[in-house]
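Here the structure is laid out as structure tokens; the discussion comes afterwards.
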Amino acid sequence: KIKENVYAITDGSTHGNVAAYVLPSQIVFVDSGMHIPLIKKFREHIERETGKKASVLFITHAHGDHVFGNQIFEDCEIITSELTHKAMVDSQKNNWTPEALEEWKKNSEDPLALDGLKIVLANKTFADEYELVDRDVKVIVKRTGGHTAGSSYVYCPNYKVMFAGDNLFNHSFPWGGTPTSDPLKWVESIQEYLSLDVENYIPGHGSISGKETLEEFLAYLNKVISLMKEMIAEGKTEEEILEQADKIDYYPSKREQWKALSLKKWYEVITS
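The sequence shown runs 3 to 274 under this note's numbering.
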């Protein structure tokens with residue numbers, strides 16, 4: 003429990019962070035992580051503690067570490083952006099094959115984390131924005147892009163809390179090398195987050211923060227983009243540009259290749 007009516011798991015046990023907002027007549031969950039037994043417990047615990055039922059699961063984006071617990075919410079409305087839904091359908095066909103899922107299970111730190119995994123897709127989609135109103139409490143879901151084209155935030159102005167998904171990695175280098183990652187949209191997203199009345203930002207990975215972590219990330223992104231644009235204008239090669247961009251100081255990444263692949267993708271977007 004983070005504050006009145008807001009719960010989250012951010013210790014990494016579910017891989018991607020998960021959250022729940024308790025509304026006057028129902029519970030809304032955000033993302034489902036990739037540890038099925040833990041998500042089941044999380045849902046049961048909040049339902050027991052509040053005496054209310056889960057009704058909706060919002061999905062911020064299409065990566066497995068945020069959606070492999072969806073089956074725990076099969077009885078709910080599962081809502082996401084059209085672009086995220088499309089990405090999940092594509093992944094189901096091409097990446098989440100039975101063989102690939104078996105491999106994930108084998109390599110999981112906890113052999114039970116993905117036991118009985120089945121892929122459950124959204125049953126409701128929105129183009130750019132979705133609003134849920136429960137008496138006097140409002141939840142706003144908005145697609146901004148950035149980490150992926152479908153990336154969306156889930157904001158409750160009443161509770162001054164936002165689930166930012168993977169547009170926010172707290173105190174680690176973000177994964178920005180997906181086919182639809184866009185550093186320019188990412189900057190706009192973070193600016194939008196900062197403009198809203200939020201006390202607690204729940205990232206896709208890492209601990210909960212206030213605005214200072216976002217300001218730090220925004221400054222880093224802007225530095226990288228400015229450097230790349232300047233060096234492109236000077237006619238520098240891709241190799242020279244990536245080498246200089248790599249020197250801009252920021253937190254280390256969780257995986258070795260992340261930073262190099264992210265910077266390469268950002269360079270491609272800026273030059274396109």
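Backbone N, C-alpha and C define an ideal beta-carbon position, used for all residues, glycine too.
Please classify L162: does DSSP put it in a helix, a strand, or coil? The sequence shown places Lys at residue 162, not Leu. In this structure, K162 counts as coil in the three-state DSSP scheme.
Alpha carbon to alpha carbon, what distance is there between I204 and S57? 21 Å
So the beta strand (DSSP E) N202 belongs to, where does it begin and stop? N202 to H207
With DSSP as the reference, please indicate the residues paired to S83 in a beta bridge. F128
What residues are listed by DSSP as bridge partners for V156? V143 and F165
With G18 and D67 assumed to form a contact (beta carbons below 8 Å), what rounded beta-carbon distance in angstroms separates them? 4 Å
Do T146 and S191 have their beta-carbon atoms positioned less than 7 Å apart in this structure? yes
The region 136 to 151 touching the region 103 to 121, judged by at least three CB pairs closer than 8 Å: no
Residue interval of the alpha helix (DSSP H) (run including I243): E240 to D248
For A235, which of helix, strand or coil comes out of DSSP? helix
Tell me, please, whether the region 40 to 47 touches the region 15 to 29 by the rule of three or more beta-carbon pairs shorter than 8 Å. yes
Whose C-beta lies closer than 8 Å to the C-beta of L198 among residues of the same chain, with five residues either side of it excluded? Y157, P159 and M164
In this structure, how does DSSP classify E218 when only helix, strand and coil are distinguished? helix
Rounded to whole angstroms, what's the CA-CA distance from H63 to G179? Just pull it up for me. 14 Å
Measure from the alpha carbon of L186 to the alpha carbon of each residue in Y269, E218, I4 and T12, then state which is nearest. Y269
Can you find the residues in the same chain that come closer than 6 Å, C-beta to C-beta, to M90, ignoring five residues on each side of it along the sequence? A64 and L123
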